[in-house]
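S.K.:
In the working numbering, the protein residues as written are 1181 to 1781.
#1: What is the rounded straight-line gap between the Cα of residue 1550 and the Cα of residue 1476?
#2: Taking only the alpha-carbon atoms, compute the straight-line gap between residue 1357 and residue 1299 and give it to the nearest angstrom.
#3: DSSP state of residue 1625, grouped into three classes?
#4: Pick helix, strand or coil for residue 1381, following the three-state DSSP scheme.
#5: Which first and last residues belong to the alpha helix (DSSP H) in which residue 1363 is found?
#6: In its own chain, which residues sit with a C-beta less than 6 angstroms from the C-beta of residue 1634, not counting the 5 before and 5 after it?
#7: May I have the straight-line CA-CA distance separating residue 1417 from residue 1651, to the nearest angstrom?
#8: Are the CB atoms of residue 1311 and residue 1486 within a distance shorter than 9 angstroms?
#9: Taking its Cβ as the centre, do 16 or more other Cβ atoms sit within 10 Å of residue 1430, making it buried, or is it exposed?
#10: Using the three-state DSSP reduction, which class does residue 1217 fall into: helix, strand or coil?
#11: Under 8 angstroms Cβ to Cβ from residue 1781, same chain only, skipping five residues before and after it: list those, please.
#12: Since residue 1665 is in the alpha helix (DSSP H), which residue starts that stretch and which ends it?
#13: Just the C-alpha distance for residue 1731 and residue 1647, rounded to the nearest angstrom, thanks.
#14: Hey, how far is the Cα of residue 1384 from the Cα of residue 1445?
#15: Can you give me the C-alpha to C-alpha distance between residue 1517 and residue 1443, rounded to a whole angstrom?
#16: Quick one: what's got a C-beta closer than 6 angstroms to residue 1455's C-beta in the same chain, skipping five residues either side?
#17: Quick check: the Cα distance between residue 1531 and residue 1706, rounded to an integer number of angstroms?
#18: To the nearest whole angstrom, what separates the beta carbons of residue 1488 and residue 1450, a pair I think is in contact under 8 angstroms?
#19: Reducing DSSP to helix, strand and coil, say where residue 1474 ends up.
#20: DSSP beta-bridge partners for residue 1655?
#21: Check whether the segment 1546–1565 touches the segment 1491–1510, counting contact only when three or more Cβ pairs, one atom from each stretch, lie closer than 8 angstroms.
#22: Kindly indicate the opening and closing residues of the alpha helix (DSSP H) around residue 1765.
#23: On the DSSP letters alone, give me the boundaries of the alpha helix (DSSP H) that residue 1408 sits inside.
#24: Leaving out five residues before and five after residue 1405 in sequence, what residues of the same chain have Cβ atoms less than 7 angstroms from its Cβ?
#25: Give me the DSSP bridge partner(s) of residue 1708.
#26: Grouping DSSP H, G and I as helix and E and B as strand, with all else coil, what is residue 1790?
#27: Within 10 Å of its beta-carbon, does residue 1341 have 16 or more other beta-carbons around it, so buried, or fewer, so exposed?
#28: Nearest to residue 1536 by alpha carbon, out of 1473, 1427, 1523 and 1680?
#29: Would you grab the beta carbon distance between residue 1645 and residue 1675 for me? Rounded to a whole angstrom, and I think it's under 8 angstroms.
#30: Between the Cα of residue 1501 and those of 1199, 1515 and 1607, spot the shortest distance and give me the residue it belongs to.
#31: Can you tell me the Cα-Cα spacing of residue 1373 and residue 1208, whole angstroms?
#32: What's the gap between the Cα of residue 1469 and the Cα of residue 1447?
#33: Can you check the segment 1298–1371 for any alpha helix (DSSP H) of at least 4 residues that lies completely inside it and give the ranges in chain order?
#34: Looking only at DSSP bridge pairs, what is residue 1630 linked to?
#35: Are the CB atoms of residue 1307 and residue 1217 within a distance shorter than 9 angstroms?
#36: Should residue 1256 go down as buried or exposed, given a rule of 16 or more other Cβ atoms within 10 Å for buried?
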């Protein structure tokens, strides 16, 4: 059985990622890309679907022991786990070196710390999300697993043996001993990858992260949390193209045992745009430039049909399918790959993309004429479509509505484009678009605002609330001291707060089909809770904002990682993990609270 979501650590190479549990088990790894088929899918099934456990040898009848300590080595993505056993202490170092054209590698180094500790490696590779048992054989003294187009090469300084379609290694370490293991992926029709050099790769990986973190311009009181979030966002970036995945996993449930299980291994324009914003404001201009180039390639030739998400290289076809041979995380089924929401109409995306391009322009990123042309084309599309219903920010699978947040973000798109024209860096029908901006603003205030309750609502004519309304002051649609903004914040606190003070996205209806067209409930959405902290700070309730922010920080696992949501009833993280859409607002709120001086001490 897989561990709790928060029991996992992330390692990665900016092209794919692995999740390592507290007991030393790699339960998730897709090769060679984030969106490739998994060779370890135990996270969504059982050990029969693939895993790699490395740690102290234990009793065959007892579960493997969890590490007594684990941490990332400094500000890096190098994981160190330590076990104290009756016979001594052993350390396992896990990492994936940045590739720079080489084969993707997962490297594990076992180090003796004290005493003499028996250790076992249990490697069960299952390709195609656990469905295919590869042909495992020896080739020039190396172990290789082959299935169809894929091959995985296993190299170690210890002796191995095979049993029950599993590769085992048993050995004992004393102080100073270092036993290395490397998994390398290669297309099966290629020559074998070069022999790994684990120790040199470890040194190079540590140096890579040290140099990258040195570019961070944030030095405030929440630096530890901000740095870990930035490293996580960097790890979710697909280096060859600049695309940013929302999370490295699929189908980790928003409700344990429920059906709200989605594939997040793609680039949502919304998530990537807000990630770009956080990177720019903390000194990472190169990542911002790479994402802008990815965006221009992804939408090239067809900006009028902007998708809400693309593949990490800009692919448009992300057809959704269910893997019925996987029972799902804690029996949360179905397990899905691909994402049918890619073809939804979500008008807010135009605003997020335009805001990202505007911020890049304002922070001095070198001008790109096609970026300005794209922005103008997006506004011309919105001229004719802003007043249509859509599926909204949360990708509802029910009927389209006139979502207030979508209209607000359409206003943002027009507003930022007007500013671009006013700066002299683009040409467009300025007066016409000023009138369009005014029309959208008036429409939202007249049709999306409930005067009796003094709150904006989720959609025109509805009574439901939506936490996305918290972005109204942050986007500059209305000033923070506007009574309608304050009323909306307070209404969301009353109606969308959980028992422990975190914020739901919108109301759900248990076993019945709710506003999103799905049965079941979900946890508190962590991004929305950070937005609430931001808003509280903006309206002057800074002590309340700081307390909420620090409660949110306490939800991170021991390595500083957050999933998408928090289940207040079960007191555990839920949803895909780690989630960019949680770590980005963490950074944003830290910056706002630091600027306001609203922090303890």
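Just so you know, even glycine gets a beta-carbon here, dropped at the ideal spot from N, CA and C.
M.R.: On the basis of the supplied data:
#1: Distance between the alpha carbons of residue 1550 and residue 1476 is about 8 angstroms.
#2: Their Cα atoms are separated by approximately 12 angstroms.
#3: Three-state result, residue 1625: helix.
#4: If DSSP states are grouped into helix, strand and coil, residue 1381 belongs with the helices.
#5: Per DSSP, residue 1363 belongs to no alpha helix (DSSP H); it is in the beta strand (DSSP E), 1358–1367.
#6: For residue 1634, the CB contacts under 6 angstroms within the same chain, skipping 5 residues up- and downstream, are 1667 in chain order.
#7: Separation of residue 1417 and residue 1651 (C-alpha to C-alpha, rounded to the nearest whole angstrom) is 25 angstroms.
#8: No, the pair does not count as a contact, with Cβ atoms beyond the cut-off.
#9: Buried.
#10: DSSP, reduced to helix, strand and coil, places residue 1217 outside both helices and strands of the structure shown, so it counts as coil.
#11: In this prediction, residue 1781 scores a pLDDT of 44, lower than 50, which makes its location untrustworthy; no coordinate-derived value is stated.
#12: Unbroken alpha helix (DSSP H) run through residue 1665: 1663–1675.
#13: A straight-line Cα-Cα distance of about 18 angstroms links residue 1731 and residue 1647.
#14: Residue 1384 and residue 1445: Cα-Cα distance of roughly 27 angstroms.
#15: Their Cα atoms are separated by approximately 5 angstroms.
#16: Its chain contains 1413, 1424, 1760 and 1764 as the residues whose beta carbon lies nearer than 6 angstroms to that of residue 1455, once the 5 sequence neighbours on both sides are disregarded; these appear in chain order.
#17: One C-alpha to the other measures close to 22 angstroms.
#18: The C-beta distance from residue 1488 to residue 1450 rounds to 7 angstroms, short enough to meet the 8 angstroms contact threshold.
#19: Residue 1474 carries a helical assignment under DSSP once its states are collapsed to helix, strand and coil.
#20: None; residue 1655 has no bridge partner.
#21: Touching, no, given that fewer than three Cβ pairs across the two stretches are closer than 8 angstroms.
#22: Residues 1760–1776.
#23: Residue 1408 -> alpha helix (DSSP H) spans 1403–1415.
#24: For residue 1405, where only same-chain residues beyond five positions count, the Cβ hits under 7 angstroms are 1733, 1740, 1766 and 1770.
#25: When DSSP reads this structure, residue 1708 sits in no beta bridge, so it has no partner.
#26: Outside the modelled stretch of the chain, which goes from 1181 to 1781, sits residue 1790, for which no answer is possible.
#27: With fewer than 16 neighbouring CB atoms inside 10 Å of its own CB, residue 1341 falls in the exposed class.
#28: Nearest of 1473, 1427, 1523 and 1680 to residue 1536, Cα basis: 1473.
#29: With 8 angstroms as the limit, residue 1645 and residue 1675 qualify as a contact, their Cβ atoms being about 5 angstroms apart.
#30: Nearest to residue 1501 by C-alpha distance, out of 1199, 1515 and 1607, is 1515.
#31: Straight through space, the alpha carbons of residue 1208 and residue 1373 are spaced by roughly 22 angstroms.
#32: Taking the straight line joining both Cα atoms gives about 16 angstroms.
#33: Considered as a whole, the segment 1298–1371 harbours 1307–1310 as its complete alpha helix (DSSP H) runs of no fewer than 4 residues, in chain order.
#34: DSSP lists 1635 as partners of residue 1630.
#35: Yes. Within cutoff.
#36: It counts as buried.
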